[in-house]
Each structure stands twice: as structure tokens, then as C-alpha cells.
Amino acid sequence: RFPATYNSLTDKHLAGYFSNPRIRRHLQKAGLISRSGRIIPEKEYRLNAMRKDQQRHIQDSLADAIFRKVLDMERHHQLERKRKIEYSLRKERMQKIKTSLVLDLVPQRHKFLFFQVEQFRGSLEEVILVHSPHPPLGPRTHNGLSAPVAGEGAARSQRRAPGLGGLCGGGHSHQHQTKEPAPSE
């Protein structure tokens with residue numbers, strides 16, 4: 006049985022063992038000796054161990070709080086996106102309902118005019134998109150347009166803007182001759 010005051014670090018028979026550099030590094034990491042080789046008293050060792058435990062606990066608590074905050078922010082972001090989508094869908098549904106109510110109240114001949122205006126608005130928005138500045142989508146052709154844009158312009162020039170009597174899109178406007186139905190007698 007060892008006496009209560011025995012300390013193996015002070016045992017002269019173990020001095021050779023404790024002078025080994027690998028063992029000294031291990032004792033320093035464990036907090037039993039200082040870098041200079043001074044033996045740390047038991048009270049100081051326990052105080053240092055308590056400080057390390059407290060620091061580890063604070064770091065763990067901080068990491069956990071950060072993790073929970075990030076999860077909370079992500080959850081909030083997802084709810085905000087869901088709320089915006091639902092609002093947009095509700096707004097779209099309300100617009101459809103308002104349009105149908107207006108159309109129910111408007112005489113039949115005005116409905117045709119309303120649809121022409123809506124189609125014209127869609128064509129106008131498309132023309133604005135075509136002519137708004139944007140980077141080229143591919144290499145340029147001999148006429149200075151990029152190939153995909155040149156192809157799109159040709160396709161767009163075939164669309165008619167309702168109520169204009171001309172072709173719209175691609176920057177070209179041509180007169181369009183329509184055949185009038187023969188008056189019935």
C-alpha cells in the first residue's frame with residue numbers, strides 16, 4: 006500500500022523514465038508538469054482541469070446555440086417562402102375571380118374588346134422583352150446577332166399583335182392584308 010503523500014513524479018527511481026521526451030510531452034498535455042519541467046501541485050492541477058472543463062462546456066453550449074439558431078433561421082426562411090407562394094397563388098385566384106366577375110357584368114361585344122386588349126398587352130410585353138438589353142446567348146452571325154437570338158427573332162416576327170393589323174416582333178412591321186368576308190345578301 007502506498008502512502009497518501011507519495012508522488013511518482015518525485016520518485017528518484019523513476020527519474021529516468023520521466024526524462025524520456027515522449028513521456029514528458031504526455032505529462033505536459035495531461036497538465037501534470039509545466040513546459041519548464043516543474044511539477045504542477047495537485048490543487049493547481051484540479052483548478053486547471055476545472056477551467057478546461059468549463060471552457061469545453063462553454064464551447065459546446067455555444068456550438069449548440071449556433072446550430073439551433075441556424076436551424077431556426079432556415080425554418081423561418083422556408084416559412085417565409087411558403088407564405089409568399091401562398092400569397093401569390095391567392096392573388097392569382099382573386100384576379101381570376103375579379104376578371105370573371107367583370108366579364109359577367111360586361112356585355113358580350115365588350116368582352117371581345119377586353120380579350121383583344123389582354124392579348125395586345127401580352128404581345129407588347131413580349132416585344133419589350135425582345136428589345137430589352139441582355140447579353141448574347143451565342144456566337145454572332147454575319148448580321149451581328151447571336152444565332153439563338155436571330156432564330157428567335159424570325160419566330161417572333163411571325164406572331165401577330167391583335168388589333169394592329171401588322172406583324173410584331175423582331176423589330177419589323179409590315180402591312181397585313183386581310184380578306185374581308187363577302188357581305189351576305
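Converting from the sequence shown to the working numbering requires adding 5 to each position, the first position being numbered 1.
We put the beta carbon where it would ideally sit given N, CA and C, even for glycine.
Rounded C-alpha distance that separates residue i from residue j
{"i": "I45", "j": "R80", "result": "50 Å"}
{"i": "D65", "j": "T15", "result": "36 Å"}
{"i": "A68", "j": "R61", "result": "10 Å"}
{"i": "I102", "j": "I133", "result": "28 Å"}
{"i": "D77", "j": "G127", "result": "42 Å"}
{"i": "K96", "j": "D58", "result": "56 Å"}
{"i": "R56", "j": "S41", "result": "21 Å"}
{"i": "R98", "j": "Q121", "result": "22 Å"}
{"i": "I63", "j": "Y92", "result": "43 Å"}
{"i": "E106", "j": "Q100", "result": "The residue you asked about is not Glu; residue 106 is Leu in the sequence shown. Spanning the two alpha carbons is a distance of roughly 10 Å."}
{"i": "R73", "j": "L52", "result": "31 Å"}
{"i": "E123", "j": "I71", "result": "51 Å"}
{"i": "H18", "j": "A54", "result": "28 Å"}
{"i": "L84", "j": "L94", "result": "15 Å"}
{"i": "R43", "j": "H82", "result": "56 Å"}
Residue i vs residue j beta-carbon contact at 7 Å
{"i": "Y22", "j": "G36", "result": "no"}
DSSP three-state assignment for residue i, whether helix, strand or coil
{"i": "I44", "result": "strand"}
{"i": "R161", "result": "Any reading at R161 must be qualified, since the residue scores a pLDDT of 46, below 50, and its modelled position is unreliable; no value is offered."}
{"i": "Y22", "result": "helix"}
Same chain, Cβ closer than 8 Å to residue i, neighbours up to 5 away in sequence not counted
{"i": "L32", "result": "L14, F23 and I38"}
{"i": "I28", "result": "Y22"}
Beta-carbon proximity list for residue i, same chain, < 7 Å, skipping 5 on both sides
{"i": "T104", "result": "none"}
Nearest neighbour of residue i, chosen from the options [CA to CA]
{"i": "N12", "options": "R86, P26 and E47", "result": "E47"}
Neighbour flag for residue i against chain C, beta carbons, 7 Å
{"i": "I71", "result": "Judged by its chain identifiers, the structure shown contains no chain C, having just a single protein chain."}
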